Structures are given as structure tokens and as C-alpha cells.
Amino acid sequence: MAQAPQDPNSDLTDRFIQFYRKYYRDEIGKLAQKYPTEQRSLYVDYDDLYAFDPDLAEDYRKKPDQIREYAEEGLRLYDLPADVKLGQAHVRLRNLPDAVDIRNIRVHDDHIGRMVAVQGIVRKATDVRPKITEAAFECQRCGTMTYIPQTDSGFQEPHECQGCERQGPFHVNFDQSEFVDSQKLRVQESPEGLRGGETPQSIDIDIEDDVTGKVTAGDHVTVTGVLHIEQQTSNQEKTPIFDLYMDGVAVEIEDEEFEDMDISEEDVAEIVELSNADDIYEKMIASVAPSIYGYDEEKLAMILQLFSGVTKHLPDGSRIRGDLHMLLIGDPGTGKSQMLQYIRNIAPRSVYTSGKGSSSAGLTAAAVRDDFGDGQQWTLEAGALVLADKGIAAVDELDKMRPEDRSAMHEALEQQQISVSKAGINATLKSRCSLLGAANPKYGRFDQYEPIGEQIDLEPALISRFDLIFTVTDDPDPESDAELAEHIINTNYAGELHTQRTNITNSEFTQEEVDDVTQEVAPEIDAELLRKYIAYAKRTCFPTMTEEAKQVIRDFYVDFRAKGADEDAPVPVTARKLEALVRLAEASARLRLSDTVSEEDAVRVTSIVEACLRDIGMDPETGEFDADIVETGTSKNQRDRIKNLKALISDIEQDYEQGAPVEEVLQRAEEELDLKEGKAEDEIESLRRKGEVYEPRTNHLRTT
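Residue numbers (the UniProt record's numbering): 1 to 704.
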């Protein structure tokens, strides 16, 4: 008698049962204990399945929906204790090799219908909502139940009752229907993968059951899922264009610093060799914006910002940020924006935004009401500072922003998180980024006769959060001007030669000539290698202070404070600068791939901080350092002057019925307070603006 042909599908189920026995015995045991309340999925690693059966693993990727049924059937038939049934358990494949870039998903690459992995940042996430998978329709005439499975393409109702064969009416019985949790995510390409101003692309992902509710806007994720297409409609008419979307199978939150940086063994060898060079700091400086002449101190500070200090987590749960914030304030045409753009291209994860084009919602998070998901609902959309999490946010034209938009940065800079309370959504998003800002002085250009602190048109609360503030002035100097002119002309000449050589086949210049000229303006360390160097250093180096380094920083701080030890002297520097020194010193050690902060690191960074303080924190009237210029926007000298002037007006107004005459105030201010007429007029105007004095009649003053 001939044997009945064996069902090939049962072979597949048996293969999965063998695979589970060999690789996932313990995991299935844990799942059985926690099912269905705590855990409802078995996560299978692609590499394990490939090691067990390469063909089966490949089939799983090509025909994910069919093969997953056999995998889940195998899980249900797996020999478990008698009282445990894994009826609705899922099998979720993850860790697929070679994730696909969202922008590279193509029809001709056979991506549609396959299982793929994409990496990116969650731009939007809807609330978790119940979705009906099998609807039970009860006939209102005879009470017969009709069960209809539901798909994503719309709500299906029965044509007629199976009992009385009439066409309704029907009522959905929710108790008899089956529901599943569902959520929709929009995942956008990570900023570090983009080059040269590309617009990031995104894909919508539907996820169900136990993977929902795990991620929020701003999380970096790897999503494994099946790629599908659906037809677009325009004015309820179908169009020939289709939309891509994914059915998510597994969602993993990436904790790693720079997930897109693949650093090979050869790269590591090159990085370590480079870090041992004696002139590594000079090489690093020469690699930042080589087309811009000079500014070595600023460039070194930017490099230190890219490496950043170490973030500390204290036993009481609080944290001290390791990220450095830096502000460049300078005359127009000094190359600030170009340096920002260069840093943005080097940083392994970065976002660039410009003052006028940024709103507070665009920087932090916007609450948007749209049709993302089903029906109109509010969702959070991550802004620039959230997208720059664990990277650098470069903000140009900081002074052109509206003050209320700038205030959105305060929490992001110090607490490194953003609290959002909008449209009934209360959320806290992470923004563990360094801020690199650029701004122009209040009047467009620095006035050398005015204190620099008074020319910075930013709120003191914001300024005090920057670890380093550099002033970039454009002072005429024949020698340096000649060198700058030479540099700019050479840079342009190199660009012309390179362009000509690239575009004209019979160019009169040889490649050697082009290389010679280009060498002068090429970065010392290639930008791609520098990106890998930074990523490697941040992954592997967590420097600690040596006693000598601690002593240098301690002495610097104490000596500086000693300058203000007199009762009437201003406070020269605050404890905030001490934290900045520690962060800078750690970054300096990281640059050498060192695990200890040496005395040289501490000396190097104290000189940078001192130069910054000399530029901004020195009161030009007294020649003393005054931290209040940066911390409060008003020097102690100025505060005393305002206080004395107010007291003088108050004193004079006692003698006059109509208030203190302005002329007498100006005269006595010059005699008693040594205030020149112009300066006194400015201070009176400032008091009037603040509402501390008013004019009861023309040219007479009264204090409030």
C-alpha cells in the first residue's frame, strides 16, 4: 500500500521545534513562566537561526508572513509542562544583518514583502490604542453571531446573516470580539548618516501587542519588520503612486553612542597610532575648518567639545553633565558660521539650525494634531535639540532668535532634558547634547570702548550656562591681514584648480600641481577618520583625574577667587567655571585616548578658560575680573553706579517740588560720582526703561 505523501509544512514546524530545543530551551522556559501577563513573545536572533539552517533563515527573510506562522506553530507544539499553553505567543526575529537605509528602500531591490531592518530616530509615536482583529457581529433580528477577521484595509461588515440570511441590521458584540494593542511610529533617518544638507526621510511603522508603548519621540531605534505598500488616494480617487509602510516585528532602543559608526580593526590601529603622536593637538587644530585662517584657541576648544567630558551618575540618582557648551560671539565675516558647519559635518551626530528659522517648538518638541495614526490626535514631534541627543547642536545666529524661543534652551543646556506640557501631553525628552552657538554683538560689531559684557545681547541666564565664550574680533593689523589675504587667495586658487581638473579633461594643470596647492588647505586628519576617532574615544575612554591635575585646577580657582577677597571687590569667577575646567580637562585627556587626566591637560585648559575670562569677564573700567558680567549681565561697578545715581536723584528730589532737574543730576553726578555726562544720561535712560525713575514733567526726575 502506498504511503500518504508527507505534509511539507509539518516538516517546517518540526524544524523550528528542533531549533528551539537546540538554542532556546531556557528562553521558552522563562516565557512559559511569564506568559501571558509579563511576556508574550519569544525573541529569536537571526544569527542563531542562520547557524542552525541557512536556508530556513533566508526563507524567513523572503517570506516572513508564511514562515512566521510555522515558527509560532512550532512554539505552540513545543513540549511544555501540561498546564502551560502558549496559544497567542509571538515569535519575533531580530538582529538582522545589514540594516537598510530608509532612503535606499527600492522596488527593484526586492525589498517589498521582505523582512528588513531599519535604523533611525523616532520622530512621532501615537498613543497605544486597541485594534479589532476579529469582529463578532450579532444579528438584531435573530441573534446569530457572525465572526469576520479584520485587516488593516478597512472595517469589514457581513453581507448577510448566516442564520436568517437577511442583510442586517448588525451590532458589534465587543465581548465576543478580539482586540490587540496597536501603535504607529514614524521613524526618521538618524542625522549622523546624512551628508551635505540632505533632507532626512522617514517611514511609518505599525506595531502590535507587547512591543507597543516602549518608545517615545527622540529615541534611537532599530526596527525589524516586513515592508508593505499601500495605494495613495487623492480626493478619494486612487492614484498610481503607492506608499511604503512597515509592519514592525521587533523594536530595539539603541543605547550605543554612535550606532552608525562602523570602526574596523585597521581604523582602530590608525587611531591609536595617531593618538600617540607628539603633535596630536596641533594636528587636531589643523583639521578643523582649514579654509579659515587662525583661531587656534577656538578650534582647540571646538575639538574638546566634540570629545566632551565624562557624564557622572551620582549615588543619589543625580547626574553631572559631561557635555561642553560653547559660544562664539564675533564681528561679521570672521568665519563663525563656517566653523559651525564644519563641526556639524565632523560630529558623529549633529543638528544645525539657524536663529531666524527656529521656533521654541522646533528646538524642543512640537505638539502636532494631524491624521498620523487613525483619526485626529495630538502627537509629540521631536525638535532639533532632541534629535541632537548624544551629539552636537549647532545654533547659528543665536542673537536673532526671539527671547521666548531662546528660553527654550535653558533646561536643555543644564538639565539636558526637555519637559513638554502641551495639548494635554506631559513628557520629558532627553537632549544630552553639546550646544555650539554663534552670535553677533548687540550693534552688529564690537565697540572697543564699551565693556564686551554689555554688548552681548543675550539673557544672562543663558550666557552663564556656556562653559566657554569666545569673542572673535576683526581688528586691522597689517601683518596678520596680509597672511589672511594670502590664505584666502590660496584656498580659492586650490578650489579653482580642483574644479578645473575635475570638470575639464584636457586641463593644463597636472594632478601633482593640483595636489601641491590643495595640500595647503586640506585638513591634517581626514574628516571621516576624525569622526571615527571621536566615536572611538567616546566609546572607550572615561578619564579620571590625577592628584597633580586636581591641584592645578584647585590652585587656579582659589587664586582667581583670591583676587576678589576684599570686601568691596567683585566676585571674579564662580563655581560653574570649576565644573567647566573639569569637563575640559577630561576632554583633553580623551583626545589622547588617555584614561587619566594629567597635569598638562589641566594647564592646557586653565589657559583657555583664562583667555575667555580675560575677553569677557574683565571690567574695562577697573581692570578686574568680574563674574557678574557673564552671570548677571551687569558688572559690580555698574551696579554700584546705578545704586549711587538712584540715591542721588532721590536726594535731589527732596529739594524740588516738581522732581529733580536733569541738569542738576548730571552736574552732581559728575562732581560726586565721577560720572561723565554721556554715561550718566545712559544710566538715567536705563533706569527710566526699567521703571525705576519717571518724569513727572519734562526734564525733571522722580524715583519710584
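Where is the CB? At the ideal position from N, CA and C, for every residue including glycine. Every value quoted in this text rests on a predicted model; they were computed, and no experiment measured them.
Exercise for the section: State whether the segment 379-386 contacts the segment 408-420, with contact taken as three or more CB pairs (one from each stretch) at a distance under 8 Å. Expected result: yes
Problem - Alpha-carbon spacing of residue 360 relative to residue 396, whole angstroms - result: As a first step, residue 360 is located in the sequence shown; it is residue number 360 there, counting from the start. As a first step, residue 396 is located in the sequence shown; it is residue number 396 there, counting from the start. Looking at the two C-alpha atoms, the distance is approximately 15 Å.
Problem - Distance between residue 647 and residue 690 (C-alpha atoms, nearest Å) - result: Locating residue 690 in the sequence shown gives position 690, where the first residue counts as 1. Locating residue 647 in the sequence shown gives position 647, where the first residue counts as 1. Going from the Cα of residue 690 to the Cα of residue 647 covers about 16 Å.
Practice task
Could you check the C-alpha separation between residue 118 and residue 76 for me, to the nearest Å?
Solution key: Taking the sequence shown and counting its residues from 1, one reaches residue 118 at position 118. Taking the sequence shown and counting its residues from 1, one reaches residue 76 at position 76. Answer to the nearest angstrom: the Cα atoms are 29 Å apart.
Exercise for the section: Can you tell me the Cβ-Cβ gap for residue 394 and residue 436, rounded? I've got them flagged as a contact below 8 Å. Expected result: As a first step, residue 394 must be located in the sequence shown, where it is residue number 394. As a first step, residue 436 must be located in the sequence shown, where it is residue number 436. The Cβ separation is near 5 Å, so the contact holds.
Handout entry: For residue 541 and residue 467, believed in contact at Cβ under 8 Å, the rounded distance
Key = The residue labelled residue 467 in the question sits at position 467 within the sequence shown. The residue labelled residue 541 in the question sits at position 541 within the sequence shown. The pair is not a contact, with the Cβ atoms about 19 Å apart (cut-off 8 Å).
Practice task
Rounded to whole angstroms, what's the CA-CA distance from residue 136 to residue 142? Just pull it up for me.
Solution key: Translated into positions along the sequence shown, residue 136 becomes position 136. Translated into positions along the sequence shown, residue 142 becomes position 142. Each residue's Cα considered, the two are about 14 Å apart.
Problem - Sheet register partners of residue 661 (DSSP bridge) - result: Residue numbering aside, residue 661 sits at position 661 when the sequence shown is read from its first letter. For residue 661, which the question treats as bridged, DSSP gives the partners 700.
Handout entry: Whole-angstrom distance between residue 470 and residue 298, CA atom to CA atom
Key = Within the sequence shown, the letter at position 298 stands for residue 298. Within the sequence shown, the letter at position 470 stands for residue 470. Straight-line Cα distance between these residues: approximately 7 Å.
Problem - Neighbour-count burial assignment, residue 242, 16 or more Cβ in a 10 Å radius - result: For the purposes of this step, residue 242 is identified with residue 242 of the sequence shown, where counting begins at 1. Counting Cβ neighbours within 10 Å, residue 242 comes out exposed, since fewer than 16 surround it.
Handout entry: Where residue 391 falls, given that 16 or more other Cβ within 10 Å makes a residue buried
Key = The residue you call residue 391 lines up with position 391 of the sequence shown. It is buried - the Cβ of residue 391 has at least 16 other Cβ atoms within 10 Å.
Practice task
Return helix, strand or coil for residue 159, following the three-state DSSP convention.
Solution key: Stepping through the sequence shown from its first residue, residue 159 is reached at position 159. The answer is coil: DSSP assigns residue 159 none of H, G, I, E or B.
Problem - Alpha carbon of residue 147 to alpha carbon of residue 235, nearest angstrom - result: Here residue 147 refers to the residue found at position 147 when the sequence shown is read from its first residue. Here residue 235 refers to the residue found at position 235 when the sequence shown is read from its first residue. Rounded to the nearest angstrom, the two C-alpha atoms are 32 Å apart.
Practice task
Would you kindly check if the distance between the Cβ of residue 209 and the Cβ of residue 90 is under 8 Å?
Solution key: Position 90 of the sequence shown, counted from the first residue, corresponds to residue 90. Position 209 of the sequence shown, counted from the first residue, corresponds to residue 209. It is a contact, given that the beta carbons lie within the stated cut-off.
Practice task
Give me the Cβ distance between residue 703 and residue 653, rounded to the nearest whole Å; I'm assuming they're in contact under 8 Å.
Solution key: As a first step, residue 703 is located in the sequence shown; it is residue number 703 there, counting from the start. As a first step, residue 653 is located in the sequence shown; it is residue number 653 there, counting from the start. Right, their Cβ atoms sit about 7 Å apart.
Problem - Close-in-space but distant-in-sequence residues of the same chain around residue 611 (CB under 7 Å, 5 per side omitted) - result: Taking the first residue of the sequence shown as 1, we reach residue 611 at position 611. So the qualifying residues of the chain are 297.
Exercise for the section: Could you check if residue 205 is buried or exposed, using at least 16 other CB atoms within 10 Å of its CB as the buried criterion? Expected result: Residue 205 sits at position 205 when you count from the first residue of the sequence shown. Residue 205 should be labelled buried.
Practice task
Assign residue 147 to one of three DSSP states: helix, strand, or coil.
Solution key: For the purposes of this step, residue 147 is taken as residue 147 along the sequence shown, with counting starting at 1. Reduced to three states, the DSSP call for residue 147 is strand.
Handout entry: Selected residue, minimal CA-CA separation from residue 302, among 442, 343, 294 and 548
Key = Stepping through the sequence shown from its first residue, residue 302 is reached at position 302. For residue 302, the nearest C-alpha among the options comes from 343.
Exercise for the section: Taking only the alpha-carbon atoms, compute the straight-line gap between residue 113 and residue 157 and give it to the nearest angstrom. Expected result: Taking the sequence shown and counting its residues from 1, the one referred to as residue 113 is at position 113. Taking the sequence shown and counting its residues from 1, the one referred to as residue 157 is at position 157. The alpha-carbon atoms of residue 113 and residue 157 are separated by roughly 27 Å.
Practice task
Let me know if residue 318 comes out buried or exposed under the rule of 16 or more other beta-carbons within 10 Å of its beta-carbon.
Solution key: Within the sequence shown, numbered from 1, the residue matching residue 318 stands at position 318. By the 10 Å Cβ count, residue 318 comes out exposed.
Practice task
Could you tell me the distance, in whole angstroms, from the CA atom of residue 196 to the CA atom of residue 346?
Solution key: Here residue 196 refers to the residue found at position 196 of the sequence shown. Here residue 346 refers to the residue found at position 346 of the sequence shown. Residue placement at residue 196 is poorly supported in this model, since its pLDDT is 48, which falls under 50; the coordinates still yield a value, given next. So the alpha carbons of these two residues sit roughly 11 Å apart.
Problem - residue 13 (DSSP reduced to helix, strand or coil) - result: By 1-based counting over the sequence shown, the position of residue 13 is 13. Correct three-state label for residue 13: helix.
Problem - Contiguous beta strand (DSSP E) assignments of at least 3 residues, all confined to the segment 324-406 - result: 326-330, 350-354, 365-370, 377-382 and 392-396
Practice task
Please classify residue 283: does DSSP put it in a helix, a strand, or coil?
Solution key: Numbered from its first residue, the sequence shown carries residue 283 at position 283. Residue state, collapsed to three classes: helix.
Problem - residue 417, enclosing beta strand (DSSP E) - first and last residue - result: For this step, residue 417 is matched to residue 417 along the sequence shown. 417-422 is the span of the beta strand (DSSP E), which, as asked, contains residue 417.
Handout entry: residue 358 versus residue 176: straight-line alpha-carbon distance, rounded
Key = By one-based count along the sequence shown, residue 358 stands at place 358. By one-based count along the sequence shown, residue 176 stands at place 176. So the two alpha carbons sit approximately 51 Å from each other.
Practice task
Look at the alpha carbon of residue 430 and the alpha carbon of residue 388, and state the distance between them as a whole number of angstroms.
Solution key: For the purposes of this step, residue 430 is taken as the residue at position 430 of the sequence shown. For the purposes of this step, residue 388 is taken as the residue at position 388 of the sequence shown. Distance between the alpha carbons of residue 430 and residue 388: 10 Å.
Practice task
Just mark residue 560 as buried or exposed, buried being the case when its beta carbon has 16 or more other beta carbons within 10 Å.
Solution key: Position 560 of the sequence shown, counted from the start, is the residue given in the question as residue 560. So residue 560 counts as buried.
Practice task
Could you give the DSSP three-state label for residue 259: helix, strand or coil?
Solution key: Position 259 of the sequence shown, counted from the first residue, corresponds to residue 259. With a pLDDT of only 42 at residue 259, under the threshold of 50, the placement of this residue in the model should not be trusted, and no figure is reported.
Handout entry: Bounding residues of the alpha helix (DSSP H) (the contiguous stretch that carries residue 577)
Key = Counting from 1 along the sequence shown, the entry for residue 577 is found at position 577. Per DSSP, residue 577 belongs to the alpha helix (DSSP H) from 575-591.
Practice task
May I ask you to report which of helix, strand or coil DSSP gives residue 612?
Solution key: Along the sequence shown, one-based indexing puts residue 612 at 612. The answer is helix: DSSP assigns residue 612 an H, G or I state.
Handout entry: For residue 274 and residue 609, the rounded distance between their alpha carbons
Key = In the sequence shown, the residue the question calls residue 609 occupies position 609. In the sequence shown, the residue the question calls residue 274 occupies position 274. When rounded, the distance between both Cα atoms is 27 Å.
Practice task
For residue 505, I'd like the list of residues in its chain whose CB is within less than 7 Å of its CB, leaving aside the five on either flank, ordered along the chain.
Solution key: Translated into the one-based positions of the sequence shown, residue 505 becomes position 505. Summary for residue 505: the model assigns pLDDT 49, below 50, so the residue's position carries little reliability; its value from the coordinates is reported in the next sentence. Taken in chain order, the list of residues that qualify is empty.
Exercise for the section: Mind reading off the beta-carbon distance from residue 323 to residue 308? Whole number of angstroms is fine, and I expect it under 8 Å. Expected result: Counted from its first residue, the sequence shown places residue 323 at position 323. Counted from its first residue, the sequence shown places residue 308 at position 308. With a Cβ gap of about 5 Å, residue 323 and residue 308 count as contacting.
Problem - Host beta strand (DSSP E) of residue 430 (start-end) - result: Numbered from 1 along the sequence shown, position 430 holds the residue referred to as residue 430. 425-430 is the span of the beta strand (DSSP E), which, as asked, contains residue 430.
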